[in-house]
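All remarks here apply to the structure that follows.
Residue numbers (my numbering): 1149 to 1245.
In structure tokens form, the structure reads like this:
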């Protein structure tokens, strides 16, 4: 399906409770003009204790980047669990995100 905007939050990539596989399927099946990642996409708190980063977690990140390259406007709003990424957002995702 095609939507104007999709909002995603509390994914907690890097944890065993992340449902990255379900998110990846959702992102494959749905398109949008705007993709809002609204906090706690990557769980830095949990990753300090024990990182659980499977291939599907990387696939989610790659899918977001591919969507951005194909014209989806991607907005990343930092949450409390991914605050550690704030200084790197322009470098990792580029100024267009």
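C-beta atoms are modelled at their ideal positions from N, C-alpha and C, and glycine is treated no differently. Since this is a predicted model, take the numbers as computed values, not measurements.
- Would the C-beta of residue 1151 count as close to the ligand GTP, meaning under 7 Å from any of its heavy atoms? Although the ligand GTP was asked about, the structure shown includes no ligands whatsoever.
- Message: Can you look up residue 1152 in the DSSP assignment and give me helix, strand or coil?
- Response: strand
- Message: Can you tell me whether residue 1206 is helix, strand or coil according to DSSP?
- Response: helix
- Can you give the Cα-Cα distance for residue 1216 and residue 1197, rounded to whole angstroms? 31 Å
- Message: Just to confirm my understanding: we take residue 1225, look at its own chain, exclude 5 residues before and 5 after, and list those with CB closer than 8 Å. What are they?
- Response: 1184, 1185, 1186 and 1187
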